[in-house]
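Just so you know, the protein sequences line up as chains A and B, in that order.
By our numbering, the letter at position 358 of the first sequence is numbered 549, and the numbering carries on one by one without gaps.
By our numbering, the letter at position 151 of the second sequence is numbered 342, and the numbering carries on one by one without gaps.
Every residue, glycine too, gets a C-beta built ideally from N, C-alpha and C.
A quick note: this is a predicted structure, and the numbers were derived from the prediction, not measured.
There are 2 protein chains.
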Amino acid sequence: MYDLLTGLCVIEASSFVASPTAGLYCAQMGAEVIRVDQIGGGPDFRRWPVTPNNDSLYWENLNRAKKSVALDLGRPEGRELLQRLVRSTGQFITNFPASGFLAHDVLAAERPDLVTVRVMGWADGSPALDYTVNNSVGYPMMTGPGPDPINHVLPAWDLLSGAYAAFALLAAIQRRSVTGQGAELRIPLSDVAIGTVANLGGIAEVLSTGENRPRLGNTVYGLFGRDFVTRDGVRAMIVVVTPRQWSNLLAALGLGEAVTRLEAQRGVSFAKDDGLRFAHRDALFPLFEAAIAARDHAELAAAFDAAGIVHSRYRTLLDAARDPDLVANNPIFGAVNNPSGVAYPAAGSFATVPQLERQPPRPAPRNGEHSEEVLTTRLSLSTGEIAHLIDTGVVGIA
Amino acid sequence: MYDLLTGLCVIEASSFVASPTAGLYCAQMGAEVIRVDQIGGGPDFRRWPVTPNNDSLYWENLNRAKKSVALDLGRPEGRELLQRLVRSTGQFITNFPASGFLAHDVLAAERPDLVTVRVMGWADGSPALDYTVNNSVGYPMMTGPGPDPINHVLPAWDLLSGAYAAFALLAAIQRRSVTGQGAELRIPLSDVAIGTVANLGGIAEVLSTGENRPRLGNTVYGLFGRDFVTRDGVRAMIVVVTPRQWSNLLAALGLGEAVTRLEAQRGVSFAKDDGLRFAHRDALFPLFEAAIAARDHAELAAAFDAAGIVHSRYRTLLDAARDPDLVANNPIFGAVNNPSGVAYPAAGSFATVPQLERQPPRPAPRNGEHSEEVLTTRLSLSTGEIAHLIDTGVVGIA
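Here it is in structure tokens:
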């Protein structure tokens, strides 16, 4: 937690990963983020992983440091309260449909400087999720050794869309501070995905060659990078991106002469050319496989670290979670009282600001925990009015 | 291209994916982003995919809409010019080392309100890349059918770090607009990765259970989602996240009675519980496999679309690039004159703003294309001074 966005209040009406991470990143930078959900929780409220008590470890981590207002969004009174909350703050993050009661035009009619950031599935408004966008743009057909497609496990498009949505929100606020004008920014997962394919050169590549890139397994395209197995059976990833790393790697593995012979045979120099190291991998990889298989991992890792070579061993998630450098002693983590009652290290902002003191992570709210507070402070409702809304089931409290 | 960030000027000294995408997103939102590189190009300047002329399709897409200044960064004079450019603007995106001539403290000594966003490898400053962070946090051990680890192809951590860096830059600028104070925001790939694992509930899950999640192949964890093959051999992903999608899917496949029998046998109701649909996938999947294998894809796709069911077929990247809805007719794409001379659709901002006219994408610069312009406007160097710097090889021009 840092206080970069103090004073900014954002209403979030959302579910799953993309839209909630946009709110999460803002909250971890000090914004007041008020997540509005259906009473009892939205469609992601019980999403796995869950505890034995059916509390979602997913939800309580994606919604950390936010406030929660619970409304019956199936009723006109609940919907109107959400509209009023959006108008009261002027900032709105959502993945609700572009038309309907949370349409930007509907909300902005009474709040023209409103900034709405809307994460969508397909750009035309039809439904899509990370896992159905991903296979539409081709990544599973490039992943693994083949021939079957392999899905990613990390919801990468959701995550990228969420971070981009947080950026887009601040960009639109920056414009508003100059022009006074609000705007809606629509961010479809499908455009994030195909736009990223383009940004990485993929559209240019396949349309100009007329061919798909071959499947490469764990080999990185276009440079020297792959997994190798050491004498003691450790699998490690090694990637080279600079001339110095290349010469240091050859020295560390005693491969200088063998590679010089290969360069003479093939009439090339690998010293400064990532592409050639990739193009001639048929001859390079066997040399490296043998050299690495002749040494234990600890010996190699020490030599690689000393030489600035980029490498790492494959680990499981449990291995990573138990790595003290990565989690227990990592300043981005801290202890909080989670609504589930389960104790574990909780993450804060990915960014570290050396000039500022990092504040500890905060817990996710219980559903409706801040309903009364927010309706009082944001909409100036009286205690009696709020009590009536609770009694009639329009507002839920924790 | 949109003009949300008009008036913001950012110096970018970076390479590869994460840091350049942060600059790219700012440029596509109207900021003036000046990428400063070694004369002749940095370590990513020839990164594959390349054209037959060895122009990088990767570089020219990741650096679209930026300006380019070329300096000899191996010489004190070139380094000083880069420092002066950073100080002249007050905003800096980089993945150069945290210490050295581009250390924030060095730069900020003469520009105390400087905002520096620094993408790093490991948090301690040691080198890491997307592909060596990814296997350190466990995803390849969860991807695919097993037993071997499978790397992702999409550099997801780079991309997420880049978008988060763009967000962090604007958050720090927002703070500066209130407090007048600059700051450095350090964003290590390793913290983005392990923090994301935590945000998705992964740290909580494995530390509380003491076990890794089983490998699931193309099955989505915790809900009903998997790839299925139709009668005519089309593989499609189907994912259910709402009660309505579930009931519509059962109706579309004629599986209502069979699922009701299964619910009775197992003593559960799948209607409103994603987790149960996942937990009982041993019995559910065979029913769906048979129903889907009995129908052709076109028939199923039409029924699914009509019922709001989230699905998509697996495609290659070339299939996607040739899909007119996704690329040729998609308003985020446009035609530009690329430095490579190759013509293909170029992407703009992922976000679409219905209230504003989208401006066409812009090309990447040639190395040093804007050296003279930027040194004139930003540092007020005279024509004679610039000519001397070019003659002595400190400054490069396109």
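Extent of the continuous alpha helix (DSSP H) to which residue i belongs
| i | result |
| --- | --- |
| residue 508 of chain A | 508-512 |
| residue 296 of chain B | 295-299 |
| residue 216 of chain A | 209-219 |
| residue 408 of chain B | Per DSSP, residue 408 of chain B belongs to no alpha helix (DSSP H) and is neither H nor E. |
| residue 478 of chain B | 472-484 |
| residue 496 of chain B | 488-497 |
| residue 452 of chain B | 447-457 |
| residue 401 of chain B | Unbroken run through residue 401 of chain B: none, as it is neither H nor E. |
| residue 443 of chain A | 434-444 |
CB contact check: residue i to chain A, cutoff 8 Å
| i | result |
| --- | --- |
| residue 409 of chain B | yes |
| residue 530 of chain B | no |
| residue 536 of chain B | yes |
| residue 274 of chain B | no |
| residue 320 of chain B | yes |
| residue 638 of chain B | Since the first and last residues shown for chain B are 192 and 589, residue 638 of chain B lies out of range. |
| residue 282 of chain B | no |
| residue 422 of chain B | no |
| residue 253 of chain B | yes |
| residue 413 of chain B | yes |
| residue 456 of chain B | no |
| residue 366 of chain B | yes |
| residue 594 of chain B | Since the first and last residues shown for chain B are 192 and 589, residue 594 of chain B lies out of range. |
| residue 533 of chain B | yes |
| residue 298 of chain B | no |
| residue 215 of chain B | yes |
| residue 574 of chain B | no |
One or two residues paired with residue i in a DSSP bridge
| i | result |
| --- | --- |
| residue 503 of chain A | A:428 |
| residue 587 of chain A | A:261 |
| residue 201 of chain A | A:224 |
| residue 543 of chain A | B:377 |
| residue 524 of chain B | B:538 |
CB contact check: residue i to chain B, cutoff 8 Å
| i | result |
| --- | --- |
| residue 192 of chain A | no |
| residue 285 of chain A | no |
| residue 465 of chain A | yes |
| residue 441 of chain A | no |
| residue 278 of chain A | no |
| residue 557 of chain A | no |
| residue 416 of chain A | yes |
| residue 430 of chain A | yes |
| residue 476 of chain A | no |
| residue 435 of chain A | no |
| residue 419 of chain A | no |
| residue 292 of chain A | no |
| residue 469 of chain A | yes |
| residue 195 of chain A | yes |
| residue 212 of chain A | yes |
Span of the beta strand (DSSP E) around residue i
| i | result |
| --- | --- |
| residue 307 of chain A | 306-311 |
| residue 284 of chain B | 282-285 |
| residue 418 of chain B | 415-420 |
| residue 377 of chain B | 374-379 |
Which of the residues in the segment 542-554 of chain B, read from start to end, lie with their CB under 8 Å from any CB of chain A? 542, 543, 544, 545, 546 and 547
Near-chain A residues of the segment 224-247 of chain B (beta-carbon distance less than 9 Å), N- to C-terminal order: 234, 235, 237, 238, 239, 240, 241, 242, 245 and 247
Give the residues from the segment 328-362 of chain A that approach chain B closer than 7 Å (Cβ to any Cβ), ordered along the chain. 328, 329, 330, 331, 332, 333, 334, 335, 340, 341, 342, 343, 344, 345, 347, 350, 351, 354, 355, 357, 358, 359, 361 and 362
Hey, which unbroken runs of the alpha helix (DSSP H) at 4 residues or more fall wholly within the segment 226-253 of chain B? 248-253
Which residue spans inside the segment 310-368 of chain B form an unbroken alpha helix (DSSP H) run of at least 4? 321-328
Determine which residues of the segment 510-523 of chain B have a Cβ less than 9 Å from any Cβ of chain A, and write them out in chain order. 510, 511, 512, 513, 514, 516, 517, 518, 521, 522 and 523
What are the complete beta strand (DSSP E) segments, minimum 3 residues, inside the segment 550-584 of chain B? none
Closer than 9 Å, Cβ to Cβ, to anything on chain B: give me those residues from the segment 371-387 of chain A, in chain order. 372, 373, 374, 375, 376, 377, 378, 379, 381, 382, 383, 384, 385, 386 and 387
Under 9 Å (Cβ pairs) to chain A, residues found in the segment 479-509 of chain B: 496, 499, 500, 501, 502, 503, 504, 505, 506, 507, 508 and 509
Members of the segment 390-404 of chain A that neighbour chain B once the beta carbon cut-off is set at 9 Å: 390, 391, 392, 393, 394, 395, 396, 397, 398, 399, 400, 401, 402, 403 and 404
Please list, in chain order, the residues of the segment 300-312 of chain A that have any C-beta partner in chain B closer than 7 Å. none
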